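Novice:
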Amino acid sequence: MIISMKWTEEQKMAIESRDKNLLVSAAAGSGKTAVLVERIIQTVINEKVNLDRLLVVTFTNAAAGSMKEKIQIKINEAIFNQDANYSFLKKQLRLINKSHISTIHSFCFNVLRKYFYLIDIDPGFRVMDTNDSNMMLNETIGVVLERHYEKKDPDFMRFVDSYAESRGDSSVSDIVYRTYKILMSYPKPFIWFDDAIASLGIGENGLDDTIWMVIIKDEIRKFIEFAYQQIQFAMKICPQDMPYMEALTRDYENITSLKTDLSSDYEKFRENIRNISHERLKPVSAKKKEIYGAELIDIIKAKRQLYKDVLDRIVGFIPHKSFRQLADEINEMYPIMKVLSELIKEINSEFHREKLSKKCLDFNDAEHLTLKILEYEEASNYYRDRFKYIYIDEYQDSNGVQEEIINKIKCNNNVFMVGDVKQSIYRFRQADPTLFIDKYNQYKSENELYSNKLVLLNRNFRSRPEILDFINDVFQNIMREDCGEIDYDADSFLLSGGICDKKENCVEINILEKRPDDALDEELQELKTSQIEATFIVNRIKDLVGDNASEVKYKDIVILLRSAVRWSSVFDEVFYDNGIPLYADITSSYFDTMEIKVMINLLRLLDNTKQDIPLLSVMKSHIGGFTIDELIRIRLGSPKKDYHEAIHHYISICDDHLSEKIKSFLRKIEDWKWRSRYTKLGSLIWEILTETEYYYFNGMLPNGNLRQGNLRLLSDRAAIFEADGNTGIFDFITYLEKIGQSYGDMSTAKLLGENDNVVRLMTIHKSKGLEFPIVICAGLGKKFNMTDLNDQIIISKKCLIAPKFIDPNKRIFRETLPRYASKIQMRKESISEEMRVLYVALTRAIDKLILVGTVNNFEKWVQKCKEESCDYYHIITKRNYLDWIGIVLMNHCNDRYTVNRISITDIETINNKNIPDAYTTIKNELEKTIIDNKVFSLLDKRFKWKYRFKTSHSLPGKITVTDIKNISLKNQYEFRYKIPFMQEVPLFKSKLSGFTPAEIGTINHAVLQLIKLNKPFSKDYINEFVEGMVRKKQLTEEEAQVVESDKILNFYRSELGMRMLKSSTIKREQPFILKKSVGDILQIAKDNPEESVYVQGIIDCYFYESDEIVLIDYKTDRAGDDRIEELIDNYSTQIRTYREALNALTGKRVKESYLYLLNISKAVKID
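Going by my numbering, the first residue of the sequence shown is number 1133, and it counts up by one from there.
#1: With DSSP as the reference, please indicate the residues paired to I1251 in a beta bridge.
#2: Determine the contact status of P1713 and N1889, defining contact as a CB-CB distance below 8 Å.
#3: Can you check whether the CB of I1801 is closer than 8 Å to the CB of L1738?
#4: Terminal residues of the continuous alpha helix (DSSP H) containing L1501?
#5: Going by CA-CA distance only, name the one from E2000, N1229, Y1575, F1288 that's closest to N1545.
#6: In terms of residues, what are the limits of the alpha helix (DSSP H) holding M1731?
#7: Under three-state DSSP, which class holds F2127?
#8: I'd like to check one pair, R1591 with S1149: are the Cβ atoms closer than 8 Å?
#9: Is DSSP giving Y2286 helix, strand or coil here?
#10: In this structure, what does DSSP give as the bridge partners for G1300?
#11: Select from V2282, S1791, G1872, D1340 the residue whose C-alpha is nearest the C-alpha of N1263.
#12: Hey, how far is the Cα of T1190 from the Cα of M1549?
#13: Roughly how many whole angstroms lie between the Cα atoms of L2320 and C1638?
#14: On the three-pair Cβ rule with 8 Å, is the segment 1993-2005 touching the segment 1926-1933?
#15: Starting from E1613, follow its DSSP beta bridges and name the residues at the other end.
#16: Hey, out of G2279, E1278, I1732, whose CA is closest to L1846's CA?
#17: Cβ of I1643 within 8 Å of Cβ of N2032?
#18: What do you reckon, are the CB atoms on L1893 and Y1572 nearer than 8 Å?
#19: Can you tell me the Cα-Cα spacing of D1261 and L1506, whole angstroms?
#20: Looking at the secondary structure, which residues open and close the alpha helix (DSSP H) in which C2233 lies?
#21: Given that a residue counts as buried once 16 or more other Cβ atoms are within 10 Å of its Cβ, and exposed if not, what is N1922?
#22: Does the segment 1658-1667 touch the segment 1908-1923, meaning 3 or more C-beta pairs lie closer than 8 Å?
#23: Buried or exposed for M2190, going by 16 or more other Cβ atoms inside 10 Å?
#24: Look up R2163 in the DSSP assignment and say whether it is helix, strand or coil.
#25: Spatial neighbours of K2010 within its chain, please: CB distance less than 6 Å, with the 5 preceding and 5 following residues excluded, ordered by chain position.
#26: For the segment 1136-1209, which segments carrying the alpha helix (DSSP H) assignment without a break, of at least 4 residues, lie completely within its bounds, in sequence order?
#27: Using beta-carbon positions only, say whether F2183 and Y2288 come within less than 8 Å of one another.
#28: May I ask you to report which of helix, strand or coil DSSP gives V1677?
#29: Any idea what DSSP makes of K2294, helix, strand or coil?
#30: Using the C-alpha atoms, what's the distance from N1539 back to L1250?
#31: For the segment 1685-1704 against the segment 1957-1977, do three or more pairs of beta-carbon atoms, one drawn from each stretch, fall closer than 8 Å, so that the two count as touching?
#32: Does DSSP put N2012 in a helix, in a strand, or in coil?
#33: Could you tell me the distance, in whole angstroms, from the CA atom of L2142 to the CA atom of Y1867?
#34: Is it true that the CB of E1617 sits closer than 8 Å to the CB of I1569?
#35: Name the two residues that bound the continuous alpha helix (DSSP H) containing P1321.
#36: Who are the near neighbours of Y2109 in its chain, counting only those whose CB is closer than 6 Å to its CB and skipping five residues on each side?
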């Protein structure tokens, strides 16, 4: 018999239950894999079931391999214990490699190879790499679109006009690609899609009963009820004689009326909530304030403000048109979506033919063709008889197609499903957690007479009890069915399964308080936050690891991030500077690594030497070995020639060291070109890497082993490319370019051994299934990513298809009823997913859990968290993990956890203490080892050398005028790496929900820039001109609606405006680039007057008066008279730069400079 181990009662039930479909809800760390393996082993040994009569579906190939290994170990243990079934067990060992323990895709490919004849495919097919499949799909989309362009079908052209951008039709291809990928997760994708599109043909009378209105009304009802509770509470605590009572009573009447309208007449509700008015609270006298108390007054005002905010949110997420208008807009999109459907079908057929012609299939084919085969009873009956039991691991990550495949081959009571819906975090890969949730609810409600059973495994054998308590505290308060898809109730609680001893400070909560800088855009704010957190974490790790006697090793620590975008490189740099080994297990872009860029450019050069950019890239690299000065000398010799011509011209007229260097370089290029004719490409790449020592050079750089791994991958990829029957450098380069363009990339090399003593950095998704002694969850204040809500077409299981309304002629975009509903539903689903991601992160920790998040103002954050609660409204509207955790800590934990407040000053102080004085350290070492005073003096002099331009080396070569006032020594880093804002074309984006103040300002700015000045100014003239801008596509109709004609007219009728109109020379939107000394910008750099920087900008307006210049800068800041001094201070540097630029540009004196504040129609003179 096999060696028995102690199982919990729940685990025994999961292992031993038979004759039922079993759903095992296995919480994190509950030993689900051990239970699954034990159940398989007992089935094999006790029931004498051969391994090849079991189907075990795993999520990854690695999991399948691990499970086979564990089963093999268990069988060997049974044999070692001289089990009576010796020969039978020996047979099972032989069957392990033939067993059906695999991913669903591996199983499907086996089905296709067995029953290929049923659907007429070649059994010798090759499984396509995902990148190859995506590349072929994109090519197919291009071919099909081109075919339709030639036909010029009106419906197709309208579809293209609706979704194409002015720069091309790439957005059309993107929509088709994304739609195709989403549909492939449905069992019958094209039937489902046609049915979804058919729903757009509904009339106005049927709208109120659609799933869209059900979702919208349900959300309104929750928000209205919450608003109602706020007013109820405010009235309950408000004294009857308080002046506030009158307004509160009116509010109560309004909210009660809205509740009634919502239940009986939505159209009436829609009108009333838009037109609702809130009476001002009457002032409370000083005497009454003393009686009532400031705290009571503040609570009442806060509750009322919350009530108003909730109603404003409702106005923002509901449609404001009649059912007739909504139906008309949906119907308008019906034929456009029909075009999309027909395109998808045509692309699918073409794509399938192309794959079959190349004898290859992809992973989508594996599922859909298997489903097609299983429609035949011959195949489905075979597998139904073949598998006595079916086991599905990680069931929460299944999708609809995979579920249908299992349904085709299962019996009534032979499916064992194990997983944890709280760890379902792959919705972006079309995983469908509702499959698990529906079964969970169904099995839970059924009694023993049914053939289905639910088993709960909630004992956690991984984490310390203190960590489990914290996890339970968080999720029992935030995870709920209405916004988290499941209730974190008593059945979900994590119970300690093994560790009993108590330990202090197992959970550490660190809130970093940074100095807010409004001048930095969102990307730079995030960059700054990542630096702060990385620095704090470095110091914390130094404390944890301590000296050599510490039990904590670097490899015990993992840093988890929700997303590593823009963060991993910062952590890399900070850790490297502090001497802490860090391995970033991040799927970064292979083609963006410098070593691969250089090698691809070298291949481009071998294919065609007349390419300047690849040529310069290779010459400047270690392979070419040319310095910047040498490259400049070559260019100066032929300033007007292409660079590849310039190098030949140089060697023809010069006979010097550089000339010989160029000749040597060209000889190498020609030699490699010649060898490429007869040498395999993979071998040639490797020969170049070793001959030039570029491979070894990269090994000496930071993360050298990773760089070398990337180079080996390039050589291997070239070998695979040729093994597939392809040849030639040009085709290989084209292949790599297509991979980069096909929504995919090759991952960088992964080079980490199990025992390497390094700190790991990975995304939470990568950490799933792993555990670590110390887990640091960083970036908890980072906003959730909700960009999917802005897709042009939203496709979802519940809301079907939701396109925007588009009028391609007028370029008008509006939200449709399906989109309003889809956004509500998708936000809920995204919030649910974020909860599960957080759950996965927190449950990775064994001994210590360290939370790190950043806020602008700690006290305000704490106060805000205390004022809020874990109700539906506050949970669904939060934008990051830190706010969820904060609400729980401040309201539901009774001070059980300490929240550490850490200022940026504390971090800088600690960090400075930890950095050793490098010069002193080196000098002390040299004094011990060097006896010769001359040698010591020379080395001492070298180490004391300081770079002259140290203060300005990180300043960018070119900055904008706006940046000047923001640059200081402390934030040069941010400006050096400023991330440009990507502006869509056309310039102004149409919105149904209105424009931000900044956008309105930009629109008015555009009118001031373009309006003709040769006619008398009046409001009618301005409005007429704006209408002309709409006709010329310079503005959309919606943008024209927010043009503030009155304020523009006020400017031209002002004294300054009339002076301008009288001038014979008026210039608007004057661009300039001005060369300035770094010392003028950075005071500490004044010692380096020859160091310069270029400043670029655009001057709004200037005009001449008596051969002198008057400068005007329009400002749309929402400011009153009380902020004028502040605005002068903010913009004086900018104005001085404009004056200097105009003086250099025109040679004329700027006699006066003005800020014109459009918002208050006032000219402010700047001296």
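Even for Gly, the Cβ is constructed at its ideal location relative to N, Cα and C. All figures in this text were calculated on a predicted structure; none of them were measured in a lab.
Specialist: In short:
#1: Here residue 1251 refers to the residue found at position 119 of the sequence shown. None; I1251 has no bridge partner.
#2: Position 581 of the sequence shown holds residue 1713. Position 757 of the sequence shown holds residue 1889. Yes, these two residues count as a Cβ contact at 8 Å.
#3: For the purposes of this step, residue 1738 is taken as the residue at position 606 of the sequence shown. For the purposes of this step, residue 1801 is taken as the residue at position 669 of the sequence shown. It is a contact, given that the beta carbons lie within the stated cut-off.
#4: By one-based count along the sequence shown, residue 1501 stands at place 369. Taken as a continuous stretch (DSSP letters only), the alpha helix (DSSP H) holding L1501 covers 1495-1505.
#5: By 1-based counting over the sequence shown, the position of residue 1545 is 413. Nearest option by C-alpha distance: Y1575.
#6: For the purposes of this step, residue 1731 is identified with residue 599 of the sequence shown, where counting begins at 1. 1726-1739 is the span of the alpha helix (DSSP H), which, as asked, contains M1731.
#7: The residue labelled residue 2127 in the question sits at position 995 within the sequence shown. Here F2127 sits in coil by DSSP.
#8: The residue given as residue 1149 occupies position 17 in the sequence shown. The residue given as residue 1591 occupies position 459 in the sequence shown. No, these two residues do not count as a Cβ contact at 8 Å.
#9: As a first step, residue 2286 is located in the sequence shown; it is residue number 1154 there, counting from the start. Correct three-state label for Y2286: strand.
#10: Translated into the one-based positions of the sequence shown, residue 1300 becomes position 168. According to DSSP, which records beta bridges pairwise, G1300 is partnered with E1297.
#11: Within the sequence shown, numbered from 1, the residue matching residue 1263 stands at position 131. Out of V2282, S1791, G1872, D1340, G1872 has the C-alpha closest to the C-alpha of N1263.
#12: For this step, residue 1190 is matched to residue 58 along the sequence shown. For this step, residue 1549 is matched to residue 417 along the sequence shown. Distance between the alpha carbons of T1190 and M1549 is about 11 Å.
#13: Outside the displayed span of the chain (1133 to 2299) sits residue 2320, for which this structure offers no information.
#14: no
#15: By 1-based counting over the sequence shown, the position of residue 1613 is 481. DSSP lists no partner for E1613.
#16: By one-based count along the sequence shown, residue 1846 stands at place 714. The residue with the shortest Cα to Cα distance from L1846 is I1732.
#17: As a first step, residue 1643 must be located in the sequence shown, where it is residue number 511. As a first step, residue 2032 must be located in the sequence shown, where it is residue number 900. Yes; because the gap between Cβ atoms is below 8 Å, this pair is in contact.
#18: Looking up residue 1893 in the sequence shown gives position 761. Looking up residue 1572 in the sequence shown gives position 440. Contact: no.
#19: Counting from one through the sequence shown, the residue named residue 1261 turns up at place 129. Counting from one through the sequence shown, the residue named residue 1506 turns up at place 374. Cα to Cα, the separation comes out at about 25 Å.
#20: Translated into positions along the sequence shown, residue 2233 becomes position 1101. That residue, C2233, is in no alpha helix (DSSP H); its beta strand (DSSP E) goes 2224-2237.
#21: Locating residue 1922 in the sequence shown gives position 790, where the first residue counts as 1. With fewer than 16 Cβ atoms within 10 Å of its Cβ, N1922 is classed as exposed.
#22: yes
#23: Here residue 2190 refers to the residue found at position 1058 of the sequence shown. Flag for M2190 reads exposed.
#24: Position 1031 of the sequence shown holds residue 2163. Three-state DSSP puts R2163 in a helix.
#25: In the sequence shown, the residue the question calls residue 2010 occupies position 878. Excluding residues within five positions, the ones whose Cβ falls inside 6 Å are W2016.
#26: 1141-1148, 1164-1178
#27: For the purposes of this step, residue 2183 is identified with residue 1051 of the sequence shown, where counting begins at 1. For the purposes of this step, residue 2288 is identified with residue 1156 of the sequence shown, where counting begins at 1. Yes.
#28: Along the sequence shown, read from residue 1 onward, the residue named residue 1677 stands at position 545. Correct three-state label for V1677: helix.
#29: On the sequence shown, position 1162 is the one that residue 2294 refers to. Strand.
#30: Counted from its first residue, the sequence shown places residue 1250 at position 118. Counted from its first residue, the sequence shown places residue 1539 at position 407. The alpha-carbon atoms of L1250 and N1539 are separated by roughly 20 Å.
#31: yes
#32: Your numbering for residue 2012 matches position 880 in the sequence shown. DSSP places N2012 in coil when its eight states are reduced to three.
#33: As a first step, residue 2142 is located in the sequence shown; it is residue number 1010 there, counting from the start. As a first step, residue 1867 is located in the sequence shown; it is residue number 735 there, counting from the start. Approximately 47 Å, taken between the alpha carbons.
#34: In the sequence shown, counting from the first residue as 1, residue 1569 sits at position 437. In the sequence shown, counting from the first residue as 1, residue 1617 sits at position 485. Yes.
#35: The residue labelled residue 1321 in the question sits at position 189 within the sequence shown. Its alpha helix (DSSP H) spans residues 1321-1330.
#36: As a position in the sequence shown, residue 2109 is number 977, starting the count at 1. Since pLDDT at Y2109 reaches only 41, below the 50 mark, its modelled position is unreliable, and the value read off the structure follows with that caveat. Closer than 6 Å at Cβ, skipping near neighbours: no residue.
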